[in-house]
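According to our numbering, the sequence shown is numbered sequentially starting from 3. Don't be surprised by glycine CBs; every beta carbon is placed ideally from N, CA and C. Computed from a prediction, not measured in an experiment: that's the story for all the values here. To start, the structure itself, in structure tokens.
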Amino acid sequence: MKKTLLLLAATSMLIGCSATRIAYDNFGLMSRFMLGRYVDLDTSQAEALKPHIASFHQWHRANELPVYAAVLHSAGQRAAKGITAEDVEWSIANVRARLRAFTARAAVEVAPVLVTLDAAQVAEIEHAFAENNERYAKEYLDSDDTKRRRAQLKRAIGRFSEFAGDLSDEQEARIARFLLAHERHVVLRFEDRQHWQRDAIALLREHREPQELGRRLAETFTRPELRRSEEFVREDRRWEQDFAQLVVDLDRSMSARQRASVVKPLQAYADDAGVLAEKQREAA
Numbered sequence: 003m004k005k006t007l008l009l010l011a012a013t014s015m016l017i018g019c020s021a022t023r024i025a026y027d028n029f030g031l032m033s034r035f036m037l038g039r040y041v042d043l044d045t046s047q048a049e050a051l052k053p054h055i056a057s058f059h060q061w062h063r064a065n066e067l068p069v070y071a072a073v074l075h076s077a078g079q080r081a082a083k084g085i086t087a088e089d090v091e092w093s094i095a096n097v098r099a100r101l102r103a104f105t106a107r108a109a110v111e112v113a114p115v116l117v118t119l120d121a122a123q124v125a126e127i128e129h130a131f132a133e134n135n136e137r138y139a140k141e142y143l144d145s146d147d148t149k150r151r152r153a154q155l156k157r158a159i160g161r162f163s164e165f166a167g168d169l170s171d172e173q174e175a176r177i178a179r180f181l182l183a184h185e186r187h188v189v190l191r192f193e194d195r196q197h198w199q200r201d202a203i204a205l206l207r208e209h210r211e212p213q214e215l216g217r218r219l220a221e222t223f224t225r226p227e228l229r230r231s232e233e234f235v236r237e238d239r240r241w242e243q244d245f246a247q248l249v250v251d252l253d254r255s256m257s258a259r260q261r262a263s264v265v266k267p268l269q270a271y272a273d274d275a276g277v278l279a280e281k282q283r284e285a286a
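Okay, here's the thing in structure tokens:
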């Protein structure tokens, strides 16, 4: 689930964690590691990737970090006042927009290296996707209803508790009712994940021109509606509306301690984003 509660969890995901500055300054190393999870690059490919990572990093600092700081600052103000369904929808829209911008730009930057992958390397990515999907299905789609629901509730409670602290029995029960009402959504999201992966593999095999590959890959992130079924769109919208109400209900039931736990970190995240953005302006 992407995830006050949502306003903190989702917007803070744009930046990371309390070690933001250290992690961000090592973005290039992390990027090479993440790509390495799916395919082994040869020496020339690894070298060719470096300037594209640097270019992406520069773009992100200049264009995205100031937006993150503004969004986080606004989220803190909204959370302090008490959350409305409109606030939750605002948060979802902002996170979605920023993640789409992030992934679309990354696709364009890495495309010149992706077009150099040979058939064996593309097959390696396809195999890695399959392994990841197997783990995902085992974790999120267990055929044992009781086991699956217990694990899903544990994960959801853990995510909310990261920001609000311990939840009451009533709050946990409210989360459980939401999860039970949206079990089909979990299945549809997994199917959408697999669809995206198939499309990406097909693009890697079909396109040898970097600009076209980058454009087509970026489109898979910025226009996901092109691949999504009517059922997915309908269930996703129902999930979003019900999630907004869930967050409103949880927000109304929060103790003073929980609210303080939620609001305080937002300013710290906003400060981190602001510092990073200022470093970029000074370096420009």
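- Look at residue 263 here: in three-state DSSP terms it is helix.
- Judged by beta-carbon spacing, residue 150 lies within the 7 Å limit of residue 144, meaning their Cβ atoms are closer than that value.
- Around the CB of residue 186, fewer than 16 other CB atoms lie within 10 Å, so the residue is classed as exposed.
- If you draw a straight line from the Cα of residue 170 to the Cα of residue 206, it is about 49 Å long.
- The Cβ atoms of residue 260 and residue 167 sit closer than 7 Å to each other.
- Rounded to whole angstroms, the separation of the alpha carbons of residue 164 and residue 41 is 33 Å.
- Assignment of residue 115 by DSSP, reduced to helix, strand and coil, places it in the helix class.
- A direct Cα-to-Cα measurement between residue 263 and residue 203 gives close to 43 Å.
- The Cβ atoms of residue 111 and residue 58 lie closer than 7 Å to each other.
- For residue 142, the enclosing alpha helix (DSSP H) starts and ends at 121-142.
- If you draw a straight line from the Cα of residue 237 to the Cα of residue 256, it comes to about 28 Å.
- Cβ contact annotation for residue 109 (same chain, cutoff 6 Å, sequence separation greater than five): 216, 219 and 220, in chain order.
- In the assembly as shown, residue 129 is an exposed residue. Its beta-carbon has fewer than 16 other beta-carbons within 10 Å.
- Exposure of residue 243 is indicated by the presence of fewer than 16 other C-beta atoms within 10 angstroms of its C-beta.
- Counting C-beta atoms within 10 angstroms of its own C-beta, residue 97 has 16 or more neighbours from the protein chains shown and is therefore classed as buried.
- Using a Cβ distance threshold of 7 Å, residue 222 and residue 201 count as a contacting pair.
- Three or more pairs of CB atoms, one per stretch, sit closer than 8 Å, so the region 45-53 contacts the region 111-120.
- Shown here for residue 106: same chain residues with a beta carbon closer than 7 Å to its own, the five before and five after excluded, namely 220, 223 and 224 in chain order.
- Sorting 126, 118, 131 and 249 by C-alpha distance to the C-alpha of residue 46 places 118 at the top.
- The Cβ atoms of residue 249 and residue 90 lie closer than 7 Å to each other.
- Taking the C-beta atoms as reference points, residue 184 is found nearer than 7 Å to residue 241.
- Under the 10 Å beta carbon count, residue 231 is surrounded by fewer than 16 other beta carbons and is classified as exposed.
- By the neighbour-count criterion, in which a residue is buried when 16 or more other Cβ atoms sit within 10 angstroms of its Cβ, residue 154 is buried.
- A distance below 7 Å separates the beta carbons of residue 246 and residue 87.
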